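Here is the structure we will look at, set down as C-alpha cells.
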Amino acid sequence: MKALKYILFLLLIVIIGVAIYIAIQPNEFEVSRTRTIKAPAPVIYNNVIDFKNWEAWSSWVEADPDMQIMLSDQTQGVDGSYSWEDKDGVGTMKNIATTPNKSITQQMQFADFPPSDISWEFNPNEDQTTDVTWTISGKDLPFGFKAFATFTGGMEKQIAPHYERSLEKLDSIVVADMKKFSVTVDGVTEHSGGFYIYNTVSCKIPDMPANIEKMMPKLGAYAIDNNIKMAGAPFNYYHKWDEENNTTMFSCCIPTISKIISTEPDILTGQLKPFKALKTTLKGDYSNLKEAWEVAMKYIEDNNLVQDENGPALEVYTNDPMQHPNPADWTTEIYLALK
1 MKALKYILFL LLIVIIGVAI YIAIQPNEFE VSRTRTIKAP APVIYNNVID FKNWEAWSSW
61 VEADPDMQIM LSDQTQGVDG SYSWEDKDGV GTMKNIATTP NKSITQQMQF ADFPPSDISW
121 EFNPNEDQTT DVTWTISGKD LPFGFKAFAT FTGGMEKQIA PHYERSLEKL DSIVVADMKK
181 FSVTVDGVTE HSGGFYIYNT VSCKIPDMPA NIEKMMPKLG AYAIDNNIKM AGAPFNYYHK
241 WDEENNTTMF SCCIPTISKI ISTEPDILTG QLKPFKALKT TLKGDYSNLK EAWEVAMKYI
301 EDNNLVQDEN GPALEVYTND PMQHPNPADW TTEIYLALK
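Spelled out as C-alpha cells, the structure:
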C-alpha cells in the first residue's frame, strides 16, 4: 500500500512538473522559410494569391492524398478563402490583406486551436529571381496548444519541413508554367500594311536580343516625346537572315497612322504596302520564336505555298512583357510574305 502511495506521489510530481514545464513555454511562436525562385515576383504572387492553385504544391496534400479540399466561391484576392479536412480536423485559410506583387497577409484557423497569422513576402532581385518568404506566427497561446507543441516536438519541427517542401514544389510549378508555349498557323491572310518609323542594324544573330533591347525603347521614347500616335503593336522587320555566316539585318518598327518626318538621323520612316502573307502565332517566351518560324516555313512547304523572298518578314509583338510578366502569356504574330 505504501508503495502504491509512493508511486502515485511520484506520478503526481511528474504531472505537476510537466504542467509547469508546459506552462512556462513561450506564449508565442514563429516559423519562417525563404526560397529564391527564378521567376518574376508578379508571376509567383499570382499563383499564391489564388487558393485554387494551392493543392498542386501543398506538401500537406502530398503527404495525405485523402485530405478533402473545399474551395469557397471566392478563392483569390482579399476575402478569398478555402478549407480542408483531414484526420486531425478541419482548417480554414483566408486572405486578409494584400499588396499586389509584394505581400499577402492571411489567417489560418485549425480545429480548436487559436488562429495563426500567415504572411508572404515577394522580394525581387536584380538577377530576375525572387526571394519568397513564408511565415506563420501565433501569440497568446493557451495551455492546450503549448502542450500539443511540446509533445510533438515544437512548431518548428511540425511546420518547417512542410514549408520547405511546399516552396520547392511551388518553385517547380511556377518555372514550368513560364515555359509553356504554343504555335498556331492561322493561315493565309492579307496584311494591311501602313506607315511606320524604324531604326535598323546589322549584327550577329546571337547579338540580336541585346540590340532589340536598346533599339525598341529608343524608338518608343521618340514616338512619345514627339506625340506620334501609334497605329498598332511594335514589330521587327527582317531584311536579311544568313545562318551560314550567323548574321542578320533587321529593323525595329512602330506603326504610325500617317507618314512621319523624323528629326533623328537614325530614326527613319517607312511604308509597307498591303501584302499576302502566312500568319503564324506564338504564345509563349520569345526563346521559342525559332520553332515558330520553323513551323511557318514547314507549313509553306507542305501546302505548296510560295514565299516571296523579297517581301516582308515580320514579327509583331502584340502585348507588352512589362504588362504581362509571365512569358507564357506573351503573344507574337509572324507574317511571311507570299507570292
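With the UniProt record's numbering as the guide, the letters of the sequence shown map in order to residues 1 to 339.
Where is the CB? At the ideal position from N, CA and C, for every residue including glycine.
Being a predicted model, the structure only gives us computed values, none of them experimental.
Please report the straight-line C-alpha distance between Tyr-286 and Trp-330, rounded to a whole angstrom.
Pairing Tyr-286 with Trp-330, the inter-Cα distance amounts to about 8 Å.
Is Leu-272 helix, strand or coil when you go by DSSP?
It is a strand residue.
State the CB to CB distance for the pair Val-185 and Leu-338, rounded to an integer number of angstroms; the pair is presumed to be in contact (CB under 8 Å).
Wrong, their Cβ atoms sit about 13 Å apart, outside the cutoff.
What does the alpha-carbon distance come out to for the pair Lys-283 and Lys-179?
The alpha-carbon atoms of Lys-283 and Lys-179 are separated by roughly 11 Å.
Label Ile-49 either buried or exposed according to how many other C-beta atoms from any shown protein chain fall within 10 Å of its C-beta, with 16 as the threshold for buried.
Note on Ile-49: 16 or more other CB atoms within 10 angstroms of its CB, so buried under the neighbour-count rule.
Going by C-alpha to C-alpha distance, which of Asp-79, Gly-220 and Lys-276 sits closest to Leu-336?
Here the closest residue by C-alpha is Lys-276.
Residue environment, Ala-296, which counts as buried when at least 16 other CB atoms sit within 10 Å
Its Cβ being crowded by 16 or more others within 10 Å, Ala-296 is buried.
Alpha carbon to alpha carbon, how far is His-162 from Thr-133?
One C-alpha to the other measures close to 14 Å.
Which residues in the same chain as Ile-44 place their Cβ atom closer than 8 Å to its Cβ, once the five residues preceding and following it in sequence are excluded?
Spatial neighbours of Ile-44 in its own chain (CB-CB distance under 8 Å, excluding positions within 5 residues in sequence) are listed in chain order as Ile-37, Phe-122, Thr-130, Val-132, Leu-170 and Val-174.
Inspect the beta-carbon positions of Tyr-198 and Leu-314 and report whether they are closer than 7 Å.
Annotated as distal: Tyr-198 and Leu-314, with beta-carbon spacing of 7 Å or more.
Residue from Ile-224, Gln-107 and Arg-33 whose Cα sits closest to the Cα of Glu-168:
Here the closest residue by C-alpha is Arg-33.
For the region 263–273 and the region 294–308, state whether three or more C-beta atom pairs, one from each stretch, are separated by less than 8 Å.
The region 263–273, when compared against the region 294–308, does not touch it at the 8 Å Cβ threshold.
First and last residue of the uninterrupted alpha helix (DSSP H) at residue 375:
Examination of residue 375 is not possible in this model, given that the chain is present from 1 through 339 alone.
Check this for me: beta carbons of Phe-51 and Gly-80, under 7 Å apart or not?
Gly-80 sits close to Phe-51, with the two beta carbons spaced by under 7 Å.
Under 7 Å between the Cβ atoms of Gln-106 and Ile-96?
Taking 7 Å as the cut-off, the beta carbon of Gln-106 is found closer than this to the beta carbon of Ile-96.
Where the beta strand (DSSP E) containing Trp-134 begins and where it ends
Trp-134 -> beta strand (DSSP E) spans 130–139.
Just how far apart, CA to CA, sit Glu-164 and Thr-200?
Approximately 49 Å, taken between the alpha carbons.
Roughly how many angstroms separate the alpha carbons of Lys-229 and Trp-293, rounded to a whole number?
Rounded to whole angstroms, Lys-229 to Trp-293 spans 30 Å at the Cα level.
Since Phe-181 sits in a beta bridge, which residues does DSSP pair it with?
In the DSSP assignment, no residue is bridged to Phe-181.
Is the CB-CB distance between Thr-247 and Lys-204 below 7 Å?
Closer than 7 Å, so yes.
Taking only runs that begin and end inside the region 236–260, name each unbroken beta strand (DSSP E) of 3 or more residues, in chain order.
For secondary structure counted as the beta strand (DSSP E) over 3 or more consecutive residues, the region 236–260 holds these complete runs in sequence order: 247–256.
With DSSP run on the structure shown, which of helix, strand or coil describes Met-297?
Met-297 carries a helical assignment under DSSP once its states are collapsed to helix, strand and coil.
Along the chain, where does the beta strand (DSSP E) containing Ile-96 start, and where does it finish?
Counting along the chain, Ile-96 sits inside the beta strand (DSSP E) bounded by residues 89–99.
Please state the DSSP three-state secondary structure of Lys-204.
The three-state reading of DSSP puts Lys-204 in strand, counting E and B together.
For Ala-56, I'd like the list of residues in its chain whose CB is within less than 7 Å of its CB, leaving aside the five on either flank, ordered along the chain.
Excluding residues within five positions, the ones whose Cβ falls inside 7 Å are Ile-173.
List, from N- to C-terminal side, the alpha helix (DSSP H) runs of 4 residues or more that fit wholly inside the region 43–125.
The DSSP assignment places complete alpha helix (DSSP H) segments of no fewer than 4 residues inside the region 43–125 at 54–57 and 59–63, in order along the chain.
With respect to the beta strand (DSSP E) encompassing Val-316, which residues constitute its N-terminal and C-terminal limits?
Secondary structure note for Val-316: its beta strand (DSSP E) is the uninterrupted segment 313–317.
Are Ser-119 and Thr-98 close, meaning C-beta to C-beta below 7 Å?
With contacts defined by Cβ atoms closer than 7 Å, Ser-119 and Thr-98 do not form a contacting pair.
Do Ile-261 and Leu-219 have their CB atoms nearer than 7 Å?
Result no, Cβ atoms of Ile-261 and Leu-219 do not sit closer than 7 Å.
Alpha carbon to alpha carbon, how far is Ser-258 from Asn-53?
Their backbone Cα atoms lie some 47 Å apart in a straight line.
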